[in-house]
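Numbers 404 to 680, taken from this note's numbering, label the letters of the sequence shown in order.
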Amino acid sequence: MRNHFVQGFSHLRIALLLILSLTLIPAAAQPRQSLVPGGIAVIELGQDDPRDFRFRGKPVLVTRVNGVPNALVGLPLSLKPGEHFIEARLSGGVHKKFFQVADKKYSTQHITVTDKRKVNPYASDMDRILAEKARKQKARNRYTSTPVDVDFLLPLSGIRTGSFGRRRVFNGQQRRPHSGMDIAAASGTPIVSPSAGKVIELGDFFFSGNLVYIDHGQGLISMFAHLSAIDVKLGEKIEKGQVVGKVGATGRVTGPHLHWSLGLNGTWIDPALFLSD
Ligand SMILES: [Zn+2]
């Protein structure tokens, strides 16, 4: 990692930043770094670093490890291996921190879905699909400066299947890579929120079935899909461990399971990095 200091700080600004940083809630357990597409970069920041670091224009999450601020940067599955950086724009210049991303080959998964309409939608389905896509994009890209608890609970105990990042071929046709973690469990199994947050989107969607988006703060977003029941309301504040819905088989599925996607700075990353195994 290479640090690049172009601009210093006034003593007043340093004092203000220290006061601000002391008000953040310390987190006990931290996500694991994985410097590959679909992973997370964990970048140590100095106490006097600016709080507004961005990655490709999106604000990044800042948490604290033993009092030291760390940026957690979500790396898109589409990211090219090589050198990347986060940056903070200041009046006198740009402050950058660099990191290296390695290549990762994800395996291919062939899936047979009996409801062919979920693989090749009718022309009459397209208005609905496009409207839902816009709502999902908006929810995934939401950012609020709320303090965030990154010490996650597993949403339910079950068999983890269909690992994150796999390239997927539905009924012989290539589709987007798998953007989350699948956890197989019986229909009706309660799903709990891995951390505190707020419900920012929900409904019955064409591909995802019944879904719920929870904003955990600072661009960290959970999405739960294929539910048989939704037990929360739009705008509701959620406690860590609160039941948000039940496992089901709605949308494009081959059987009952929870699909859990985890977003960070507007991109889906591997939720396993937030779990202690
Ligand atoms: Zn899935």
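All residues carry an ideal CB built from backbone N, CA and C; glycine is no exception.
Query raised in the report: Which of the three DSSP states, helix, strand or coil, is assigned to residue 563?
Result: strand
Requested in this report: Given a cut-off of 8 Å, decide if residue 593 and residue 536 are closer than it, judged by their beta-carbon atoms.
Outcome: no
Query raised in the report: Which term fits residue 674, buried or exposed, when burial requires 16 or more other beta carbons within 10 angstroms of its beta carbon?
Result: buried
Report task. Using three-state DSSP, classify residue 675 as helix, strand or coil. Result -> helix
Query raised in the report: Should residue 552 be labelled buried (16 or more other beta-carbon atoms within 10 Å of its own) or exposed?
Result: buried
Query raised in the report: Based on the DSSP output, what are the partners of residue 612 in its beta bridges?
Result: 608
Requested in this report: Please state if the CB of residue 645 and the CB of residue 602 are separated by a distance shorter than 8 Å.
Outcome: no
Query raised in the report: DSSP puts residue 664 in a beta bridge; with which residues?
Result: 626
Report task. Let me know if residue 637 comes out buried or exposed under the rule of 16 or more other beta-carbons within 10 Å of its beta-carbon. Result -> exposed
Query raised in the report: Among residues of its own chain, excluding the 5 on either side of residue 604, which ones have a beta-carbon nearer than 7 Å to its beta-carbon?
Result: 538, 542 and 616
Report task. Below 8 Å CB to CB, which residues in the same chain sit around residue 564 once its five sequence neighbours on both sides are set aside? Result -> 585, 586, 587 and 660
Report task. Measure the C-alpha to C-alpha separation of residue 558 and residue 600 and round it to an integer number of angstroms. Result -> 14 Å
Report task. Kindly list the residues whose CB is nearer than 7 Å to the CB of residue 429, restricted to its own chain and excluding five residues on each side of it in sequence; keep chain order. Result -> With a pLDDT of 38 at residue 429, under the threshold of 50, the modelled position of that residue is not reliable, and no figure is offered here.
Query raised in the report: Looking only at DSSP bridge pairs, what is residue 695 linked to?
Result: The structure shown has nothing for residue 695, since the chain only spans 404 to 680.
Requested in this report: Whole angstroms is fine: what's the gap from residue 612's alpha carbon to residue 481's?
Outcome: 25 Å
Requested in this report: Please classify residue 507: does DSSP put it in a helix, a strand, or coil?
Outcome: coil
Query raised in the report: So which of 630, 589 and 622 has the shortest CA-CA distance to residue 609?
Result: 630
Query raised in the report: Whose C-alpha, out of 516, 435, 511 and 450, is nearest the C-alpha of residue 377?
Result: Since the displayed the chain opens at 404 and closes at 680, residue 377 lies outside it and no answer follows.
Query raised in the report: residue 626: buried (16+ other C-beta within 10 angstroms of its C-beta) or exposed?
Result: buried
Query raised in the report: Going by beta carbon distance, what residues of the same chain come within less than 6 Å of residue 491, once the five residues before and after it are set aside?
Result: 453, 455, 456 and 498
Requested in this report: Note down the Cα distance separating residue 667 from residue 464, rounded to an integer number of angstroms.
Outcome: 8 Å
Report task. Could you round the C-beta distance between residue 446 and residue 473 to whole angstroms and report it? I think they count as a contact, below 8 Å. Result -> 7 Å
Query raised in the report: In three-state DSSP terms, what is residue 519?
Result: helix
Requested in this report: Report yes if the C-beta distance between residue 567 and residue 654 is below 8 Å; otherwise report no.
Outcome: no
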